[in-house]
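Per the UniProt record's numbering, residue 1 is the first one in the sequence shown, and the count goes up by one each step. Idealized CB from N, CA, C, for every residue including glycine. To keep things clear, I will list the structure first and then write my remarks on it.
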Amino acid sequence: MPKIHSHAHSARDLHVPEARDCPSPQDGKVDVGARLRFLREGRQLSIRALAEASGLAVNTLSLIENGKTSPSVSTLQQVAVALGVPITSFFEPDSPRSRVVYMPASQRRSTNLPHGMLSDLGAGLAQRTIEPLLITLDPGAGSGSHAIVHPGQEFVFCLEGRIQYTVDGAIYVLEPGDSLIFESTLPHGWENLEASPARALLVLCP
Numbered sequence: 001m002p003k004i005h006s007h008a009h010s011a012r013d014l015h016v017p018e019a020r021d022c023p024s025p026q027d028g029k030v031d032v033g034a035r036l037r038f039l040r041e042g043r044q045l046s047i048r049a050l051a052e053a054s055g056l057a058v059n060t061l062s063l064i065e066n067g068k069t070s071p072s073v074s075t076l077q078q079v080a081v082a083l084g085v086p087i088t089s090f091f092e093p094d095s096p097r098s099r100v101v102y103m104p105a106s107q108r109r110s111t112n113l114p115h116g117m118l119s120d121l122g123a124g125l126a127q128r129t130i131e132p133l134l135i136t137l138d139p140g141a142g143s144g145s146h147a148i149v150h151p152g153q154e155f156v157f158c159l160e161g162r163i164q165y166t167v168d169g170a171i172y173v174l175e176p177g178d179s180l181i182f183e184s185t186l187p188h189g190w191e192n193l194e195a196s197p198a199r200a201l202l203v204l205c206p
């Protein structure tokens, strides 16, 4: 089984992002459903039109928008592609306002996945060219039943546990300190096969 081994600004320049364009998060949690509705309506798309563009069921999108279900990463990616936005658009407001972002761990925003959690580490940065994410996977959790495909490149650095990545049919098992980088147009996905949580730094480069 193949494996990758790896062994001063002024105060006004620092910015901790605040949601202003859609409902504010409570206790650091992001309402992905409300954010999805905000983005869809901003593009004057009906939920049926978005379903057709994304390949998802109308009922699935409705459940997400109403907070009845937590979308998988692969589902979020499908919707992001259909809307023409980066996946991080579901976690931060429009109109980034700063060239420097300082984000204390206590103020980090996160969203629940079906079996884990995702945090956007770059929220509030202007002219973003990278999308840094912190992903936490519960035992047995993964990116979803469908392979993910999107433009750009993807970098992953395992922080805790063991994560199995599948990229274009090849399997890579990452342990703490291991990293993987690949063209994200290749079908890919990940899964935590262990009985304990796993965490990884995920950097998307559209």
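*Answer with buried or exposed for Arg35, where buried requires no fewer than 16 other C-beta atoms within 10 angstroms of its C-beta.*
Translated into the one-based positions of the sequence shown, residue 35 becomes position 35. Flag for Arg35 reads buried.
*asked:* Give me the residue from Ala80, Gln77, Gln127, Leu76 with the minimum Cα distance to Val101.
replied: For this step, residue 101 is matched to residue 101 along the sequence shown. Looking at the Cα atoms, Gln127 is the closest of the given residues.
*From which residue to which residue does the alpha helix (DSSP H) around Ser179 run?*
Here residue 179 refers to the residue found at position 179 when the sequence shown is read from its first residue. Not the alpha helix (DSSP H): Ser179 falls in the beta strand (DSSP E), residues 179-183.
_Assigned secondary structure, Glu175 (DSSP; H/G/I helix, E/B strand, else coil)_ = The residue labelled residue 175 in the question sits at position 175 within the sequence shown. Coil at Glu175, not helix or strand.
*asked:* So, with DSSP's three-state summary, where would you put Ala82?
replied: Position 82 of the sequence shown holds residue 82. Helix at Ala82.
_3 or more residues per run - each beta strand (DSSP E) lying fully within the stretch 96-139_ = 110-113, 116-120, 131-137
*Per DSSP, what kind of secondary structure is Glu154 in: helix, strand or coil?*
On the sequence shown, position 154 is the one that residue 154 refers to. The answer is strand: DSSP assigns Glu154 an E or B state.
*Contacts around Arg199, its chain only, beta-carbon distance under 6 Å, and the 5 residues preceding and following it disregarded*: Walking along the sequence shown from the start, residue 199 turns up at place 199. Hits under 6 Å: Thr136, Leu159, Glu160.
*asked:* On the CB-based measure, 16 or more other CB atoms within 10 Å of its CB, does Gln44 come out buried or exposed?
replied: Position 44 of the sequence shown, counted from the first residue, corresponds to residue 44. Exposed: under 16 other Cβ atoms inside 10 Å.
*Extent of the continuous beta strand (DSSP E) to which Val30 belongs*: Within the sequence shown, numbered from 1, the residue matching residue 30 stands at position 30. Segment: none, Val30 is in no beta strand (DSSP E) and carries neither H nor E.
*How should Ser106 be labelled, buried or exposed, when 16 other C-beta atoms within 10 angstroms of its C-beta is the threshold for buried?*
What you label residue 106 is simply residue 106 of the sequence shown in a count that begins at 1. Per the 10 Å Cβ criterion, exposed.
*Going straight from the alpha carbon of Gly42 to that of Leu83, what length do you get?*
Residue 42 sits at position 42 when you count from the first residue of the sequence shown. Residue 83 sits at position 83 when you count from the first residue of the sequence shown. Here the alpha carbon of Gly42 sits roughly 10 Å from the alpha carbon of Leu83.
*What are the partner residues of Ala200, as DSSP defines its beta bridges?*
As a position in the sequence shown, residue 200 is number 200, starting the count at 1. In DSSP, Ala200 forms a bridge with Ile135, Cys158.
*How long is the line joining the alpha carbons of Gly142 and Trp190, rounded to whole angstroms?*
Stepping through the sequence shown from its first residue, residue 142 is reached at position 142. Stepping through the sequence shown from its first residue, residue 190 is reached at position 190. Cα to Cα, the separation comes out at about 5 Å.
*Give a yes or no on whether the C-beta atoms belonging to Phe157 and Asp120 are separated by under 8 Å.*
The sequence position of residue 157 within the sequence shown is 157, counting from 1. The sequence position of residue 120 within the sequence shown is 120, counting from 1. Result no, Cβ atoms of Phe157 and Asp120 do not sit closer than 8 Å.
*Buried versus exposed call for Ala170 [16 or more other C-beta atoms within 10 Å across all chains shown]*: Stepping through the sequence shown from its first residue, residue 170 is reached at position 170. With fewer than 16 other Cβ atoms within 10 Å, it is exposed.
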